[in-house]
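Read through the structure below, which is laid out as structure tokens, and then see the notes.
2 protein chains.
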Amino acid sequence: MADFPKLPHDFTEHTLSSEQIFKGVLLDVRRDMVRLPNGKTATREFIIHNGATAVIPLLDKETIIMEYQFRYPNHQHYYEIPAGKLEVGEPALESAQRELLEETGYVAANWRHLTTLDMCISYSTEQIAFFVAEGLTFDAHKRDEEEFLETVPVPLKQAYQWIENGVINDTKTVAGLLWLKAFG
Amino acid sequence: MADFPKLPHDFTEHTLSSEQIFKGVLLDVRRDMVRLPNGKTATREFIIHNGATAVIPLLDKETIIMEYQFRYPNHQHYYEIPAGKLEVGEPALESAQRELLEETGYVAANWRHLTTLDMCISYSTEQIAFFVAEGLTFDAHKRDEEEFLETVPVPLKQAYQWIENGVINDTKTVAGLLWLKAFG
Chain W
792 MADFPKLPHD
802 FTEHTLSSEQ
812 IFKGVLLDVR
822 RDMVRLPNGK
832 TATREFIIHN
842 GATAVIPLLD
852 KETIIMEYQF
862 RYPNHQHYYE
872 IPAGKLEVGE
882 PALESAQREL
892 LEETGYVAAN
902 WRHLTTLDMC
912 ISYSTEQIAF
922 FVAEGLTFDA
932 HKRDEEEFLE
942 TVPVPLKQAY
952 QWIENGVIND
962 TKTVAGLLWL
972 KAFG
Chain P
792 MADFPKLPHD
802 FTEHTLSSEQ
812 IFKGVLLDVR
822 RDMVRLPNGK
832 TATREFIIHN
842 GATAVIPLLD
852 KETIIMEYQF
862 RYPNHQHYYE
872 IPAGKLEVGE
882 PALESAQREL
892 LEETGYVAAN
902 WRHLTTLDMC
912 ISYSTEQIAF
922 FVAEGLTFDA
932 HKRDEEEFLE
942 TVPVPLKQAY
952 QWIENGVIND
962 TKTVAGLLWL
972 KAFG
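In order, the protein sequence lines correspond to chains W and P.
Per the numbering used here, residue 792 is the first one in the first sequence, and the count goes up by one each step.
Per the numbering used here, residue 792 is the first one in the second sequence, and the count goes up by one each step.
Dropping the structure here:
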């Protein structure tokens, strides 16, 4: 990362106390008391997230593999790029390779890190590392049978049209694909 | 939105039970039991979010107003576009106008909806409506004194460089600005 151009003001909030509110199978919810820059106190509620990866799998220079799956919170099916959570201690690249194989059955010869983004900065620590995967080989037997999703090849041109007209509205997918379009 | 190209498979998860785990000043956490497509059951934990807006304020055709502020979950200062949560029952456009004024002191003559994105589809219902605001007029007295942030004019060209090299890594900001770059 380039030097971060800090501005003169320091708005750092200092932790006064921290408690775990809930620890479920997925969510780890914390509530901290903080001291604001003006000396007052405030409550901060947020999710501790171990991080995730997302993969843009290029079947050829003009076609990607997307996933069609159901996401419960908004009760919708989405077109997404493959993605998943890091296991504890798992490096991001290994996690991306594992997720691509489990979800799509593809192995990739060439991997390239695009960028890493903070997903929900006001209430989650989640960071997603984005990769481009090329040189794909399909091995159906390696695919996880328990994944409820369908993989579908989508021309990049079509994907960008779907972003523009709102058919693709998953933010990680939009951010990753538009990053690729803008910066390659 | 265009017709959603549904694929043959239906992966809908049906709600069996639903309970509120935590309701704080910010987070509303739910845990549902669901029936999976294969008949098995699973737990879904997620955040109920009332929605938000984000604004790209164009000072002129080549310059935007950004905010520099501290976000507690990752303990970092970020460069962001103005954004905020909807109040209950508040229309998205009104919310965007209110947030822009409270956070930056600017009123805009022209508003245009860009897109609406689902931010964290695996564990939050949050949807952000993105707007472009033009024809800006500054009124310092309308700015909320309790906002701990600094506003800074940033050339769009500079903002895109900062996205490319990772200085700007807030996903809503990246997605919104790259959407503007790709589709105008």
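Glycine included, C-beta positions come from ideal geometry on N, C-alpha and C.
task = Could you check what DSSP says for I954 (chain P) in three-state terms: helix, strand or coil?
result = helix
message = Does K814 (chain W) come out as helix, strand or coil in the three-state DSSP assignment?
response = DSSP places K814 (chain W) within a strand segment (E or B) once states are collapsed to three.
ask   = At which residues does the beta strand (DSSP E) containing R826 (chain W) begin and terminate?
value = From DSSP, the beta strand (DSSP E) with R826 (chain W) extends over 819 to 826.
ask   = In three-state DSSP terms, what is K948 (chain P)?
value = helix
ask   = Relative to the C-alpha of L877 (chain P), which residue among P:Q888, P:N960, P:I812 is closest?
value = P:Q888
query = From N956 (chain W) to F939 (chain W), what does the alpha carbon distance come to, in whole angstroms?
reply = 26 Å
request  = Show which residues of chain P have a CB atom less than 9 Å away from the CB atom of E941 (chain W).
outcome  = L798, P799, H800, F802
Nearest-angstrom Cα separation, counted from I855 (chain W) out to P873 (chain W) = Approximately 10 Å between the Cα atoms of the pair.
Neighbour flag for K972 (chain W) against chain P, beta carbons, 8 Å = yes
task = Entirely within the stretch 847 to 897 of chain W and at least 3 residues each: give me those beta strand (DSSP E) ranges in chain order.
result = 854 to 862, 867 to 871, 874 to 876
ask   = Within 8 Å (strictly less), CB to CB, does T834 (chain W) reach chain P?
value = yes
query = CA-CA distance, V820 (chain W) and F974 (chain P)?
reply = 37 Å
A931 (chain W), enclosing alpha helix (DSSP H) - first and last residue = Premise fails: A931 (chain W) is in no alpha helix (DSSP H) and is neither H nor E.
key: Interface residues of chain W facing F861 (chain P) [CB-CB closer than 7 Å]   = F802, T803, E804
query = Okay, do the stretch 832 to 843 of chain W and the stretch 899 to 915 of chain W touch, 3+ Cβ pairs below 8 Å being the bar?
reply = yes
key: is_contact[S808 (chain W), chain P] using C-beta, thresh 8 Å   = no
inquiry  = With a threshold of 8 Å between beta carbons, is Y897 (chain W) in contact with chain P?
reply    = no
task = Quickly, what does DSSP pair W970 (chain P) with across the bridge? List them, please.
result = BP columns for W970 (chain P) are empty, so no partner.
request  = Determine the burial state of Q811 (chain W): buried for a count of at least 16 other Cβ atoms within 10 Å of its Cβ, exposed for fewer.
outcome  = Exposed.
inquiry  = Which residues of the stretch 960 to 971 of chain W have a Cβ closer than 8 Å to any Cβ of chain P? Give them in chain order.
reply    = N960, D961, T962, K963, V965, A966, L969, W970
Under 8 Å (Cβ pairs) to chain P, residues found in the stretch 898 to 917 of chain W = T906, T907, L908, D909, M910, C911, I912, S913, Y914, S915, T916, E917
message = If I follow the unbroken beta strand (DSSP E) through T832 (chain P), where does it start and stop?
response = 832 to 838
query = On the three-state DSSP scale, how would you describe T803 (chain P)?
reply = Looking at T803 (chain P) - three-state DSSP - the assignment turns out to be coil, as it is neither helix nor strand.
request  = Name, going along the chain, the residues of the stretch 812 to 824 of chain W whose beta-carbon falls closer than 8 Å to a beta-carbon of chain P.
outcome  = I812, F813, G815, V816, L817, L818, V820, R822, D823
Residue-chain proximity (H932 (chain W), chain P), Cβ-Cβ < 8 Å = No, because no Cβ of chain P sits closer than 8 Å to the Cβ of H932 (chain W).
V945 (chain W) versus M857 (chain W): straight-line alpha-carbon distance, rounded = Rounded to whole angstroms, V945 (chain W) to M857 (chain W) spans 7 Å at the Cα level.
request  = With a cut-off of 8 Å on the beta carbons, I'd call E893 (chain P) and R934 (chain P) a contact; round off their distance for me.
outcome  = 7 Å
ask   = Interface residues of chain W around V850 (chain P) at Cβ under 9 Å?
value = Looking at the sequence shown, residue 850 (chain P) is not Val but Leu. Those do not exist, as L850 (chain P) stays about 17 Å from chain W at its closest Cβ, beyond 9 Å.
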